[in-house]
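Chains A and B are the protein sequences, given in the same order. Letter by letter, the first sequence follows residues 2 to 410 in this note's numbering. Letter by letter, the second sequence follows residues 2 to 236 in this note's numbering.
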Amino acid sequence: MLWTFMKLAWRNLLRNKRRSIIAGTAIGLGLASLMFVDGMIIGMFNNMIEAATATFLGDGQIHRVGFRRTQEVELTINNAASLIQQLEKDPEVDKLALRVLSFGMITSAANLSAVTVVGIDPQREQFLSQVDEAIVAGSYLQNKSPLEIIIGRDLAETLEVGLNDRVVVTVAQAKTGALSQEMFRVSGIFHFNIKEMDQGLVFISLAKAQQMLALPGEIHEIALKLSDRRLGQNKEHPFWKKYSREGNEALGWAALMPELSFALQFTDFSIFFMALLLVGVVAFSIINTLFMSLYERIFEFGVLRAVGTRKSGLFQLILLEAASLGIISIIIGSCLGLVLLLIFSHVGIDYSGIEFAGVTIQKAIYPVLHIGQFIRYPLWILIFTIVIGLYPALHAAKITPAEAMRKSL
Amino acid sequence: MVETKNSEPLIKVEGLRKVYTDDGVPVEALRGIDLSIYPGEFTAIVGPSGSGKTTFLNLISGLDRPTAGQVWIKGRLLAEMSDKELSDFRRDNLGFIFQAYNLIPVLTVEENVEYIMLLQGVPKEERRRRVRQILKEVGLEGFEKRRPPQLSGGQQQRVAVARAMVSNPSLILADEPTANLDSETGGGLLDMMRELNTKTGMTFIFSTHDENVMRRARRLIILKDGRVAEDKQLP
Numbered sequence: 002m003l004w005t006f007m008k009l010a011w012r013n014l015l016r017n018k019r020r021s022i023i024a025g026t027a028i029g030l031g032l033a034s035l036m037f038v039d040g041m042i043i044g045m046f047n048n049m050i051e052a053a054t055a056t057f058l059g060d061g062q063i064h065r066v067g068f069r070r071t072q073e074v075e076l077t078i079n080n081a082a083s084l085i086q087q088l089e090k091d092p093e094v095d096k097l098a099l100r101v102l103s104f105g106m107i108t109s110a111a112n113l114s115a116v117t118v119v120g121i122d123p124q125r126e127q128f129l130s131q132v133d134e135a136i137v138a139g140s141y142l143q144n145k146s147p148l149e150i151i152i153g154r155d156l157a158e159t160l161e162v163g164l165n166d167r168v169v170v171t172v173a174q175a176k177t178g179a180l181s182q183e184m185f186r187v188s189g190i191f192h193f194n195i196k197e198m199d200q201g202l203v204f205i206s207l208a209k210a211q212q213m214l215a216l217p218g219e220i221h222e223i224a225l226k227l228s229d230r231r232l233g234q235n236k237e238h239p240f241w242k243k244y245s246r247e248g249n250e251a252l253g254w255a256a257l258m259p260e261l262s263f264a265l266q267f268t269d270f271s272i273f274f275m276a277l278l279l280v281g282v283v284a285f286s287i288i289n290t291l292f293m294s295l296y297e298r299i300f301e302f303g304v305l306r307a308v309g310t311r312k313s314g315l316f317q318l319i320l321l322e323a324a325s326l327g328i329i330s331i332i333i334g335s336c337l338g339l340v341l342l343l344i345f346s347h348v349g350i351d352y353s354g355i356e357f358a359g360v361t362i363q364k365a366i367y368p369v370l371h372i373g374q375f376i377r378y379p380l381w382i383l384i385f386t387i388v389i390g391l392y393p394a395l396h397a398a399k400i401t402p403a404e405a406m407r408k409s410l
Numbered sequence: 002m003v004e005t006k007n008s009e010p011l012i013k014v015e016g017l018r019k020v021y022t023d024d025g026v027p028v029e030a031l032r033g034i035d036l037s038i039y040p041g042e043f044t045a046i047v048g049p050s051g052s053g054k055t056t057f058l059n060l061i062s063g064l065d066r067p068t069a070g071q072v073w074i075k076g077r078l079l080a081e082m083s084d085k086e087l088s089d090f091r092r093d094n095l096g097f098i099f100q101a102y103n104l105i106p107v108l109t110v111e112e113n114v115e116y117i118m119l120l121q122g123v124p125k126e127e128r129r130r131r132v133r134q135i136l137k138e139v140g141l142e143g144f145e146k147r148r149p150p151q152l153s154g155g156q157q158q159r160v161a162v163a164r165a166m167v168s169n170p171s172l173i174l175a176d177e178p179t180a181n182l183d184s185e186t187g188g189g190l191l192d193m194m195r196e197l198n199t200k201t202g203m204t205f206i207f208s209t210h211d212e213n214v215m216r217r218a219r220r221l222i223i224l225k226d227g228r229v230a231e232d233k234q235l236p
């Protein structure tokens, strides 16, 4: 009997092809939007994670406990040498970079500015961050001279300096707090398109920074690039516990950038909320289509009831019509969603320069196509269509045969 | 084939009343009807528009509930049946023929005829056999795969007759079955139904204005203002 009802449902739906196609397209558009928004949000967060980690942060970092909060130069990593050895042997670690950081002052003939002075090992750093790729004038640190410095484009404008101009960097030494000054020659200018970095960071060689801060052989930060990049998001992974010892703390990017992590945690909720809005809109289309089709055929329902179809049979028939409409919509929506995702995952959408959750989007966002979009959302639409179909189905089941056929028998 | 009044009536009606409310105004469609219809009858219920013919058919088929009075079919009191029991009772015991044919337009001729047997759970082979046989009897061999809109009015009404009869019901209720047909087609159809009545013993009850029906009926019940004005056996 179910097969007959299914046949009836499909044929009833195809009876008014234009209306069914319009309704299917309306619902399908909702589905396609849902799939696209999902792909877009994933793409955006991939982009943001990439921007946050690949630019400079890394997938994770190790510091002395308290350094992140106070930035005190004395708080260097304990037993750094053995820790580095251990990290280099760890299969979870792909690359690492060593850094020394300090607040300081940079002065030119024209101006001065407060900056964070970062001492880096140029070889290690170029495998981990994008400082070398961000150079827009001059060159990346070459280790030709310890007195090379690279500064951001915005800072160069503030200081009114260009390549090969001289600048003086002043920092306070560890323990004594004595001022240490050095004159550098600007060897490169970078532009990350992130205001804080372009204005507030300067890079010098690691050895020079250690010497200026009176921290021979010591470092403040080990930035990590991990073999499995998802590990940076998992705060509970044993990897972070393993290296959080001897007064040091190891944290993934999710812990280092809680605002970004928080925004990511709300991804599912935002998609669910958006889905609720979209399906709310398409609900009217479903109800309208089913009711129009129902009122047109009220006499037929009377006939079906008269010849012995039970209320439950009629109820099943309307639900099957709703499900069939859902299936048509899923086919249309999935095709539309696939086309949209394929196009935009190739050409991208340019949001560069926009800041969200503390991260500046660097590149175009490429919506991500994944199989879940073609399972989860179509299933939602199907279930939702059937649930919406309950109302007209109950309505049809309540019709008494005589009432439906009042004009005849 | 008509059984005598000494046998048990197929339908027994006592004090049947029906009051409708039309825009808040009560309308008395039936004002107390008492009658019995016996197995094998070929009965026409006639009367002017508004005399209560359709209401009477609705009530004796369980499509509607009376305001007062009782209806028994095959000894069963309809008022005591649930909606589900009534559906099953109609499925197994009644056949309907409507003025506007009322076939399911999205089903083919054979699917329309087969539908009731599907509800009854008749095995596929048996269904196919009975569909072929009844379509042959109503002269629609070769039309099995057509859909109702592809048939003439007379052909559609033949499908309706086939649908009503295919499950061998005890009673066939026909509401103005010839109203939409020309007199020649209508006459042919009535002859066919009368022949089936004679051959199978099925009981037919018509509501009609049509002289064609009245001429062929063996019993005539005339309704007027919701009451039986005349009830006569015809030769």
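C-beta: ideal position from N, C-alpha, C; glycine also. The structure displayed is predicted, hence computed values, not measured ones.
Can you pull the chain B residues whose beta carbon is under 7 Å from the beta carbon of proline 402 of chain A, in chain order?
Leu64
Thinking just about the alpha-carbon of each residue, which of A:Lys364, A:Gln374, A:Ser335, A:Leu337 is nearest to the one in valine 348 of chain A?
A:Lys364
Please confirm whether proline 393 of chain A and phenylalanine 292 of chain A have their CB atoms less than 7 Å apart.
yes
Using beta carbons (cut-off 7 Å, strictly below), is lysine 85 of chain B in contact with chain E?
Chain labels in this structure do not include chain E; the protein chains are A and B.
Partner residues on chain A for leucine 119 of chain B, Cβ-Cβ distance less than 8 Å
Met2, Thr5
Contacts of leucine 9 of chain A in chain B (Cβ-Cβ under 8 Å)
Ile105, Val107, Leu108
Verify the CB distance criterion: does phenylalanine 97 of chain B have a CB-CB separation below 7 Å to chain A?
yes
Through-space distance from serine 114 of chain A to asparagine 94 of chain A, alpha-carbon basis:
Note that residue 94 of chain A is valine in the sequence shown here, rather than asparagine. Straight-line Cα distance between these residues: approximately 36 Å.
Per DSSP, methionine 106 of chain A is paired with what?
A:Ala115, A:Thr171
With a threshold of 16 other CB atoms inside 10 Å of the CB of glycine 163 of chain A, please say whether the residue is buried or exposed.
exposed
Straight-line Cα distance separating isoleucine 151 of chain A from aspartate 122 of chain A:
13 Å
Opening and closing residue of the beta strand (DSSP E) in which isoleucine 173 of chain B lies
172-176
How is the beta strand (DSSP E) around alanine 69 of chain B delimited, first residue to last?
69-74
Neighbour-count burial assignment, proline 27 of chain B, 16 or more Cβ in a 10 Å radius:
exposed
Starting from glutamate 15 of chain B, follow its DSSP beta bridges and name the residues at the other end.
B:Gln71
When you compare the CB of arginine 32 of chain B with every CB in chain A, is at least one pair closer than 7 Å?
no
Return the residue from the list A:Asn144, A:Ala157, A:Ala52 that minimises the CA-CA distance to valine 129 of chain A.
Strictly speaking, residue 129 of chain A in this sequence is leucine, with valine absent from that position. Among A:Asn144, A:Ala157, A:Ala52, the Cα nearest to that of leucine 129 of chain A is on A:Ala52.
Histidine 221 of chain A lies in the alpha helix (DSSP H); which residues open and close that run?
That residue, histidine 221 of chain A, is in no alpha helix (DSSP H); it is neither H nor E in DSSP.
Check whether chain B comes within 7 Å of arginine 16 of chain A, counting only Cβ atoms and requiring the distance to be less than that.
yes
Answer yes or no: do isoleucine 465 of chain A and isoleucine 63 of chain A have a C-beta to C-beta separation smaller than 7 Å?
Because chain A in this structure spans residues 2 to 410, residue 465 of chain A falls outside the shown range and cannot be described.
Taking Cβ positions, are leucine 9 of chain A and leucine 295 of chain A nearer each other than 7 Å?
no
Do the CB positions of isoleucine 372 of chain A and asparagine 48 of chain A come within less than 7 Å of each other?
no
Could you list which residues in chain B have their beta carbon closer than 9 Å to that of valine 304 of chain A, in chain order?
Phe97, Phe99, Asn103, Leu104, Ile105
In this structure, what does DSSP give as the bridge partners for leucine 279 of chain A?
DSSP lists no partner for leucine 279 of chain A.
Excluding five sequence neighbours on each side, which residues of the same chain lie with their C-beta closer than 8 Å to the C-beta of lysine 137 of chain B?
none
Length of the line joining the Cα atoms of leucine 187 of chain A and phenylalanine 270 of chain A
Here residue 187 of chain A is valine; the residue named in the question, leucine, does not match the sequence. About 48 Å.
Less than 8 Å between the CB atoms is what I'm expecting for valine 72 of chain B and isoleucine 61 of chain B, so what's the real figure, rounded?
5 Å
Do we get a CB-CB distance below 7 Å when we pair serine 88 of chain B with the residues of chain A?
yes
If you measure beta-carbon to beta-carbon, which residues of the region 304-332 of chain A are closer than 9 Å to chain B?
Val304, Leu305, Arg306, Ala307, Val308, Gly309, Thr310, Arg311, Lys312, Ser313, Gly314
Residues that arginine 12 of chain A contacts on chain B, provided the C-beta gap is smaller than 8 Å:
Val107, Leu108
Contact under 7 Å by Cβ, threonine 209 of chain B with glutamate 177 of chain B:
yes
With a threshold of 7 Å between beta-carbons, can arginine 92 of chain B be considered close to chain A, or not?
yes
Classify leucine 35 of chain A: buried if its beta carbon has 16 or more other beta carbons within 10 angstroms, exposed otherwise.
buried
Taking the alpha helix (DSSP H) that asparagine 249 of chain A belongs to, which residues open and close that run?
That residue, asparagine 249 of chain A, is in no alpha helix (DSSP H); its beta strand (DSSP E) goes 249-253.
CA-CA distance, alanine 110 of chain A and isoleucine 355 of chain A?
34 Å
Jot down the residue ranges of each uninterrupted beta strand (DSSP E) in the region 29-74 of chain B, minimum 3 residues, whole runs only, in chain order.
43-47, 69-74
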